[in-house]
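Worksheet: the structure to be examined is printed underneath.
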Amino acid sequence: MAEPEIEGTLFTEEQVKVQVSELARRISEDYEDGQPLLVGILKGAFVFLADLARAMEIPVEFDFMALSSYGSMTKTSGVVRILKDLDTDITGRNVLIVEDLIDTGLTLNYLLRNIEARGPKSVEICALLNKRAANKVEIPIKYEGFSIPDVFVVGYGMDYAERYRNLPYIAGLKKQP
Ligand code: PRP
């Protein structure tokens with residue numbers, strides 16, 4: 002299928018699969034004794050979360066959050082609006098936040114504080130991609146798939162105007178005129 006907006010593949014389906022398996026192996030080892038609650042951040046994380054969890058060898062539970070920035074003010078303040086909150090009471094739980102992409106880091110910075118305030122036993126972050134050069138705050142990512150340059154990426158759950166989420170690989174998008 003021709004995709005005129007796609008610049009080139011950043012990570013092939015195979016490369017993603019290898020890295021997701023490695024993350025799943027590490028997580029399975031670390032959480033052997035404490036069934037984690039995987040919290041997927043919608044929408045982008047849904048493909049990564051599904052593959053990651055199926056590559057894991059321990060019992061896990063799932064929950065989801067959907068977040069949205071509050072307009073331009075929040076680009077800098079990092080205040081986000083919760084569109085869908087957790088269904089689960091996370092008091093005393095081992096929470097593993099699963100994200101597709103960390104860009105400025107402001108979304109996760111807010112989310113971490115929000116989740117920590119609910120009294121979990123532990124909170125860690127698993128992010129498939131991290132645009133390190135674009136980070137505005139330091140985020141403690143325990144499980145990181147790939148560090149990427151500051152390019153607009155699509156595929157494997159990530160979109161441009163809601164398209165391309167179903168590409169099985171990760172690609173860069175051509176700069177729009
Ligand atoms: C992306 C990504 C993170 C957020 C990261 O979501 O999934 O949630 O942006 O950006 P930040 O580090 O600059 O805060 P997006 O807003 O594109 O929504 P989507 O997952 O529904 O596509």
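All the letters of the sequence shown, read from the start, carry residue numbers 2 to 178 under my numbering.
Glycine included, each C-beta is placed from N, C-alpha and C at the ideal position.
{"query": "Backbone CA spacing between A67 and L107 [nearest angstrom]", "result": "15 Å"}
{"query": "First and last residue of the uninterrupted alpha helix (DSSP H) at M54", "result": "Note on identity: in this sequence residue 54 is Ala, with Met being the wrong assignment. Element bounds for A54: 47–55."}
{"query": "Coarse secondary structure for T75, derived from DSSP in three states", "result": "A caution first: T75 carries a pLDDT of 45, below 50, which makes its placement in the model unreliable, though a value can still be read off. The answer is helix: DSSP assigns T75 an H, G or I state."}
{"query": "Paired residues, beta bridge with S22 - DSSP", "result": "In DSSP, S22 forms no bridge with anything."}
{"query": "Pair within 8 Å by beta-carbon distance, A128 and G146", "result": "yes"}
{"query": "C-alpha gap between L11 and P169, whole angstroms", "result": "12 Å"}
{"query": "K44: CB within 7 Å of a non-hydrogen atom of the ligand PRP", "result": "yes"}
{"query": "Extent of the continuous beta strand (DSSP E) to which N95 belongs", "result": "95–103"}
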